[in-house]
Amino acid sequence: MDPEHLAQLESALGQVTGFIYPNEVELHWSILIVIYPYLTGLVAGAFILASLERVFNVKELQPTYRLALLTALAFLIVAPMPLQAHLGHPERAFEIFLTPNSASAMAMFGFVYAWYLMVVLLMEIWFDYRADLVRWRQSDKGVMKLVHWVISLGSRDISPAAVAFDRKAVQFITIVGIPSAFLLHGYVGFIFGSVKANPWWSSVLMPIVFLFSAIVSGISMVLLIYYVTTLLRRKALDMKCLNTLASFLLYTLIIDLSLEALDFIHRLYESEESIEILEQLIFGKLFLSLTIVQILLGTIVPIVFLAAARFSELPNEMKRMIYFVAAVLVQVGIFSTRWNVVIGGQLFSKSLRGLTAYKLEFGGQEGLLVAVGLLVLPFVILALLLKILPPWEDATTDPDPEPSEAQLT
Amino acid sequence: MFKALLKPITDLRAWIRGWSGGLGRRKIPTQIIQLGVIFLAVGVGMFVMRQKFVPETFGDLGHYRGAAVAANAALEPRYSGWQECAICHPDKVETKNKSFHRTVSCEACHGPASDHANRPMRLRPELPVGREPCLACHRYLVSRPTGFPQVIEERHNPVRACTSCHDAHDPTPPERIQECSACHNTIARSKAVSPHAPLDCEVCHEAPAEHKVQPRAHVPKKPFEREFCGTCHAREATPPELIRGVDLTVYEIPRIDLTTHGGTFVCWQCHYQHSPEAR
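Okay, here's the thing in structure tokens:
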């Protein structure tokens, strides 16, 4: 056996308590598999936020509509990368499209992903930006002219009829997109929830819990990006928009917490034979990441913060700060939610008699560096997208007037 | 230059537009045509890729290339099986099949020998040399069952080839194992430094003589009741002065009241009998 691997195995063996099977000492799904549901959740959440403006007519969210779409796209492009880095041989990935295997939930995810990317997200962005692309092209110079021309697929028609058709198409795609976004992240939950041999994962509530945590993470991520990009552009934050975002974040957080609590109480009441090892897991290995980070810091504290800021007479500056801190806490909480599901589910033995530990590598194909790289990459892609497809209202050629003082308060 | 490159596309668009208009229906929006072209290209691309990359027999038998089964079945077998060896080497096979190595196939040590069976004189099978082939099974490993012959290679006659003492076809050890410690080493070491050190294993375990030859077929007996330990450790017990040559009168034996001590538990639920803590 490879001596390096042996040394690693030995250090893991030191952490083992109770009885576990030999092939359970080392975890097979690493931090990359934690990142995958985290990124996918952000995509679905950001899209659902965008659909609030378009389908449910929440006009206050207009400033974040395009930003949310681009955020979803940036994270969607990166979402399959951790899987490919984990499995190796990314050059073979296309084969799941050529020989669809309907018996494999994981293989079919390729189609869910392709549907969401090509039919929902790209088409919605294209229809929404098409008229702007045509206008930008007329004033563009150099490479940007070519880029905008390619993205617009050579469109020229900005007649009122064509723009009206765009608007209708966006409406239609968003309506198709909402169930698709539910499908995308519900599917990730399904992949875990359908592992019947694992009592930590196997639950019909899993897709729903995943979905609501996705909405929570998407809203808070768009809030953060809107906050930071607006400050960087030295523009005024639209306080109405921030307040609405905070309200939706608060409501979805409460639903998310209730669902998690329901799942917990249900397990506790059922008290299947796995309950003892799960209890050891929750109060032992996962105490910090689950009880402290996920539930306390990532859910309860943001709920208190948001409720206090939203329904009080605090000055706007103070409110913004609280929203920002709450959104950051939510992100940390959601990341540890994914961690607790993926890593937590592999920490206990199938014998239900022992626990192992996860040792994160620093370098290597599944190490910390790759993970950080994959978490930074969506923001790089987003920066590029913001450059090519500026979502700001002042970038459109027929801009709405700057938000007035009344709007800011 | 772009315009020249785009000419076929603009022509096509004009044609589609004319065609759809000519039918007297509502004009197809240009957006639909543009996206239609992209989706058509993706669809055609998928179709072409499927034709090119998916093997012909894929899916015939399951979610894999059907021809792979025939391709594997057509491979020339490399192992012939011990029955084939017995045709020419009956004496060796007979010796081996009566020895401890009866479950080990000839080709496990001599390598795949189908070529040799087909052309016996031209292609000779391997002759295992050195210690490594034997150590593959007999090197000391904690995970191997107690009683399975294992050696620590650095301590067990280093450098000498195994076959200089052992016959691989009849690997009965040169000296028959006499002591329990040969197999139950861990227990023997614990007991040697414990208060039970003077006692022979047979004081507590009645072992049939065959146990040393066929350890799993003839299992020794174990004590199964509290009264057995009580023969020495009960308060009122009068242990035999001598147990298998050991003078027990010189020892201060810990005594307990069998009726009250430990409730209904048997002794070995609390005390490890091979290294009891009470002195």
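Protein chains in written order, with this note's numbering: chain R, 15 to 423; chain E, 32 to 310.
For every residue, glycine included, the Cβ atom is placed at its ideal position computed from N, Cα and C.
Quantities reported herein were computed from a predicted structural model and do not represent experimental measurements.
Item: Is it a yes or a no for the stretch 69 to 77 of chain R touching the stretch 369 to 383 of chain R, going by three-plus beta-carbon pairs under 8 Å?; Value: no
Item: Hey, quick one: how far does the alpha helix (DSSP H) through C260 (chain E) stretch, first residue to last?; Value: 257 to 264
Item: Alpha helix (DSSP H) containing A240 (chain E): first to last residue?; Value: Note, A240 (chain E): premise wrong, no alpha helix (DSSP H); not H, not E.
Item: Would you report the Cα separation of F301 (chain R) and Q308 (chain R), rounded to the nearest angstrom?; Value: 10 Å
Item: Let's test the definition: count the other Cβ atoms within 10 Å of the Cβ of F296 (chain E) and tell me whether it reaches 16, buried, or not, exposed.; Value: exposed
Item: Could you tell me the alpha carbon to alpha carbon distance between L271 (chain R) and T258 (chain R), rounded to whole angstroms?; Value: 20 Å
Item: Nearest CA to the CA of G312 (chain R): which residue from R:I296, R:S326, R:R324, R:G347?; Value: R:G347
Item: State yes or no: is the C-beta of P213 (chain R) within less than 9 Å of the C-beta of E286 (chain R)?; Value: yes
Item: Identify the contact partners of D180 (chain R) in chain E, using a Cβ-Cβ distance below 8 Å as the criterion.; Value: Q62
Item: If we require 4 or more residues per run, which alpha helix (DSSP H) segments fall completely within the stretch 126 to 170 of chain R?; Value: 137 to 153, 157 to 165
Item: Answer yes or no: does any C-beta atom of chain E fall closer than 9 Å to that of L101 (chain R)?; Value: no
Item: Just verifying my parser: in three-state terms, what is the DSSP assignment at V177 (chain R)?; Value: helix
Item: Does chain E have any CB closer than 9 Å to the CB of N115 (chain R)?; Value: yes
Item: If we call anything under 9 Å between Cβ atoms a contact, is L388 (chain R) one with I49 (chain R)?; Value: yes
Item: Could you give the first and the last residue of the continuous alpha helix (DSSP H) run that contains A95 (chain R)?; Value: Per the sequence shown, residue 95 (chain R) should be read as Met rather than Ala. Note, M95 (chain R): alpha helix (DSSP H), 95 to 101.
Item: So with Cβ pairs under 9 Å, would you call V73 (chain E) a contact of chain R?; Value: yes
Item: Which whole runs of the alpha helix (DSSP H) in the stretch 288 to 344 of chain R are 4 residues long or more, in chain order?; Value: 289 to 297, 315 to 324
Item: Where does G55 (chain E) sit, in a helix, a strand or coil, going by DSSP?; Value: A caution first: G55 (chain E) carries a pLDDT of 48, below 50, which makes its placement in the model unreliable, though a value can still be read off. Three-state result, G55 (chain E): coil.
Item: Would V250 (chain E) pass as an interface residue toward chain R - the criterion being a Cβ-Cβ separation below 9 Å?; Value: no
Item: Please determine, among R:I269, R:F362, R:F325, the residue with the shortest C-alpha to C-alpha distance to I296 (chain R).; Value: R:F362
Item: Give the range of the alpha helix (DSSP H) segment to which I287 (chain E) is assigned.; Value: Segment: none, I287 (chain E) is in no alpha helix (DSSP H) and carries neither H nor E.
Item: Figure out for me which residue from R:E38, R:G358, R:I187 has the closest Cα to the Cα of F206 (chain R).; Value: R:G358
Item: Determine the burial state of R80 (chain R): buried for a count of at least 16 other Cβ atoms within 10 Å of its Cβ, exposed for fewer.; Value: buried
Item: Any Cβ of chain R within less than 9 Å of the Cβ of H94 (chain E)?; Value: yes
Item: Going along chain R in order, which residues have a C-beta closer than 8 Å to the C-beta of R81 (chain E)?; Value: L112
Item: Once DSSP output is grouped into helix, strand and coil, what is the label at D7 (chain E)?; Value: Nothing can be reported for residue 7 (chain E): it is not among the residues displayed for chain E, which extend from 32 to 310.
Item: Can you tell me whether DSSP reads I346 (chain R) as helix, strand or coil?; Value: At residue 346 (chain R) the sequence reads Val, which differs from the Ile that was named. Helix, per DSSP.
Item: By how many angstroms is the C-alpha of A183 (chain R) removed from the C-alpha of L46 (chain R)?; Value: 36 Å
Item: Measuring only between beta-carbons, confirm whether L166 (chain E) sits less than 9 Å from chain R.; Value: no
Item: Under 9 Å, CB to CB, which of the residues in the stretch 157 to 172 of chain R have a partner in chain E?; Value: L160, W163, S166, L167, G168, S169, R170, D171
Item: Roughly how many angstroms separate the alpha carbons of V164 (chain R) and Q62 (chain E), rounded to a whole number?; Value: 14 Å
Item: Note down, in chain order, every chain E residue with its Cβ under 8 Å from the Cβ of R144 (chain R).; Value: Q62
Item: Below 9 Å on C-beta distance, what does M137 (chain R) contact in chain E?; Value: L66
Item: Taking all protein chains shown into account, decide if R81 (chain E) is buried (16 or more other Cβ within 10 angstroms of its Cβ) or exposed.; Value: exposed
Item: In whole angstroms, what is the alpha-carbon distance linking V57 (chain R) and S217 (chain R)?; Value: 23 Å
Item: Give every residue of the same chain whose Cβ lies closer than 7 Å to the Cβ of G55 (chain E), excluding the five residues on either side of it in the sequence, and list them in chain order.; Value: Confidence in G55 (chain E) is poor, its pLDDT being 48 and thus under 50, which makes the residue's placement too unreliable to answer from.
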